[in-house]
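Structure first, commentary second.
Number of protein chains: 2
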Amino acid sequence: MENTVENVRSQMRKGLLEYCILSILDKREAYASSLIEELKTAGMIVVEGTLYPLLIRQKNQGLLSYRWEESTQGPPRKYYVLTDKGREQLAQMDGAWQELVEGIQSLKRV
Amino acid sequence: MENTVENVRSQMRKGLLEYCILSILDKREAYASSLIEELKTAGMIVVEGTLYPLLIRQKNQGLLSYRWEESTQGPPRKYYVLTDKGREQLAQMDGAWQELVEGIQSLKRV
DNA sequence: TTCAATACCTTGTATCACAAAGTACCAAAA
DNA sequence: TTTTGGTACTTTGTGATACAAGGTATTGAA
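Read top to bottom, the protein sequences are chains A and B.
First residue of the first sequence: 0, per numbering that gives the first Met the number 0; consecutive thereafter.
First residue of the second sequence: 0, per numbering that gives the first Met the number 0; consecutive thereafter.
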């Protein structure tokens, strides 16, 4: 029941991960480990056990597709790509995110 | 398994409710129904079954205290107030929120 | 006394992030 | 050839929490 800074950040991130994944894949295709890297540089620490099921969920929803690609450094990688449906969803989420930011700003005003 | 706009918004809000409650109570004390009203005007629809347990959790963490006040319009109301610890937590959350917004902006940049 | 409005609370369910452990592939060292 | 280390994908169990739905209690007006 601690309230570390990490806990606070982790808590605030809930539900936003999905948005972040789509945003990254909108720029370029990526596989799980590279997504984790990019999320980390943006200050969002995510672990495998969180990311893999999330990617599978998004794929099952038709937001993503993937293709296998050989790697010179180990086993093959699953590269994920945004589908048309994923792009639509991302557009909706961009709007929702904007409204969320504005909503919180409005709460902050007296 | 639908992806309505409402679902998208609801999903993005997860974990941010706690932050919103503290932010509102930092401006003025409030009771549950008035919090729901203010959250609604900020575009965050919350139901009683969500809010009451959340307030109890925050109170048990020492972030909030409350006092009863008679109402002319029905049963007495539980007015919640930020404690010193709650203000500290809010300051931390302000920082975390700022970093979250910047983190997402950075993801959006190519 | 009955009803409607207001306010607080609880229970059951689904979802989701995480920790931890497991499976599989590959290349280089022993 | 076998072992080891690194990389990558997956699954299981747990805890937290948002929500739907239903319950309790107070007040004032019909």
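Where is the CB? At the ideal position from N, CA and C, for every residue including glycine.
Using a Cβ-Cβ cut-off of 7 Å (strictly less than) and excluding sequence neighbours within five positions of residue i, which residues of its own chain qualify?
i, result
"Tyr-51(A)", "Ala-31"
"Lys-84(A)", "Gly-61 and Leu-62"
Who pairs with residue i in a beta bridge, going by DSSP?
i, result
"Gly-48(B)", "DSSP output for Gly-48(B) lists no bridge partner at all."
"Leu-63(B)", "Leu-81(B)"
"Ser-70(B)", "Gly-73(B)"
Checking 8 Å against the spacing of the C-beta atoms, do residue i and residue j come in under that value?
i, j, result
"Asp-25(B)", "Leu-81(B)", "yes"
"Leu-16(A)", "Gln-88(A)", "no"
"Leu-106(B)", "Ala-41(A)", "yes"
"Gly-14(A)", "Gly-48(B)", "no"
Buried or exposed for residue i, going by 16 or more other Cβ atoms inside 10 Å?
i, result
"Ala-29(B)", "buried"
"Trp-67(A)", "exposed"
"Glu-69(A)", "exposed"
"Ile-113(A)", "Because chain A here runs from 0 to 109, residue 113(A) falls outside it and cannot be looked at."
"Ala-95(B)", "buried"
"Ala-90(B)", "exposed"
So, for residue i: in the same chain, excluding its five sequence neighbours on each side, which residues have a beta-carbon less than 8 Å away from its beta-carbon?
i, result
"Lys-58(B)", "Ser-64, Tyr-65 and Tyr-79"
"Leu-53(B)", "Leu-16, Glu-17 and Ile-20"
"Lys-39(A)", "Val-45"
"Pro-74(A)", "none"
What did DSSP end up calling residue i once you bin it into helix, strand or coil?
i, result
"Gly-14(A)", "coil"
"Met-0(B)", "Note that Met-0(B) has pLDDT 37, beneath the 50 cutoff, so the model's placement of it is unreliable and no number is given."
"Arg-108(A)", "coil"
"Arg-76(B)", "strand"
"Ile-103(B)", "helix"
"Ala-41(B)", "coil"
"Asp-98(A)", "Per the sequence shown, residue 98(A) should be read as Glu rather than Asp. In this structure, Glu-98(A) counts as helix in the three-state DSSP scheme."
"Glu-36(A)", "helix"
"Glu-28(B)", "coil"
"Cys-19(B)", "helix"
Quick one: what's got a C-beta closer than 6 Å to residue i's C-beta in the same chain, skipping five residues either side?
i, result
"Glu-37(B)", "Ile-23"
"Arg-76(B)", "Tyr-30, Glu-68 and Ser-70"
"Met-92(B)", "Tyr-18"
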